[in-house]
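The structure under discussion appears below in the form of C-alpha cells.
Chains as they are written, first to last, in our numbering: chain R, 1 to 98; chain Y, 1 to 98.
Following this line, the structure appears as C-alpha cells:
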C-alpha cells in the first residue's frame with residue numbers, strides 16, 4: 001500500500017515535470033513573440049509623427065482588446081486576457097525608442 | 001511640396017497599417033500560447049496534491065523568471081518581461097480549476 005502510494009506520487013511528480021517542460025517551451029515562444037511585437041510597436045511609434053498621428057490612440061487599444069477576445073478559445077477568460085494585455089501594452093508604451 | 005508631403009504621410013500611414021497587421025497576427029499566436037500555458041498550469045495544479053506538493057511554489061516562479069530572461073534577445077528589457085510575466089502568473093493562479 002505504501003509502495004503503491006509512492007508510485008502514484010512519483011507518477012504525479014513526473015507528470016508535473018512534463019507539463020513544466022511544455023510551459024518552458026511555450027514561454028520561449030511567448031518571449032520571442034513579445035520581442036517581435038515590441039519591434040513593430042517601436043516602428044509604428046517612429047512613423048507616427050510623419051503620419052500626423054498622436055502617440056497614444058485609445059481606439060487602437062480597444063481594437064486590440066476586441067481582437068484578442070476574438071482569438072480567445074479558452075480556458076482563459078477574456079477578462080484575464082485583458083489583464084495580461086494591459087500589462088503588455090503598458091510595457092510597450094514605456095520602452096524607450098531605439 | 002504639399003503633394004510630396006501628402007505622399008510621405010500616406011506612406012507612413014500604410015507602414016503603420018502593415019506593422020499593425022503583423023501585431024494582430026502576433027497577438028493571435030500569443031493568445032493561443034497563453035491558453036495552452038493555462039491548460040498545462042491547470043493540469044499541474046490537479047496533480048499537486050497527489051505529488052504532495054504545495055499549490056504555491058515561489059522557487060518555481062523565480063525559475064520561470066530566470067528562464068524568461070535567458071530566452072530574452074531584446075528589445076524588451078528583462079524588467080519589462082518580469083512585469084508582463086507577473087501579470088501572466090497572477091492570472092494563472094486566479095483561474096478556477098476545470
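No residue lacks a Cβ here, since even glycine has one placed at the ideal position from N, Cα and C.
Bounding residues of the alpha helix (DSSP H) (the contiguous stretch that carries residue 58 of chain Y): 58-71
Find the nearest neighbour of residue 83 of chain R within the set Y/74, Y/59, Y/94 and Y/77, judged by alpha-carbon distance. From the listed residues Y/74, Y/59, Y/94 and Y/77, the smallest Cα separation to residue 83 of chain R is found for Y/94.
Out of Y/63, Y/92 and Y/21, state which residue places its alpha-carbon closest to the alpha-carbon of residue 60 of chain R. Y/21
Taking Cβ positions only, does residue 60 of chain Y come closer than 9 Å to chain R? Closer than 9 Å: yes.
Top-ranked residue by Cα proximity to residue 88 of chain Y, from Y/38, Y/77, Y/76 and Y/44: Y/38
Whole angstroms are fine: how far does the CA of residue 35 of chain R sit from the CA of residue 76 of chain Y? 6 Å
Which residues of chain R have a Cβ atom closer than 8 Å to the Cβ of residue 35 of chain Y, listed in chain order? 72, 73, 74, 75 and 76
Does residue 55 of chain Y have its Cβ less than 9 Å from a Cβ in chain R? Residue 55 of chain Y does not count as touching chain R.
Beta-carbon within less than 8 Å of residue 92 of chain R's beta-carbon, same chain only, minus the 5 sequence neighbours each way: which residues are those? Here the set comprises 37, 38 and 41.
is_contact[residue 2 of chain R, chain Y] using C-beta, thresh 9 Å: no
Using C-beta distances below 8 Å, list every residue in its chain close to residue 48 of chain R, excluding the 5 sequence neighbours before and after it, in chain order. Contacts found: 54 and 55.
Among Y/9, Y/31, Y/10 and Y/11, which has the Cα closest to the Cα of residue 71 of chain R? Y/31
Just the Cα atoms here: how many angstroms apart are residue 50 of chain Y and residue 2 of chain R? 13 Å
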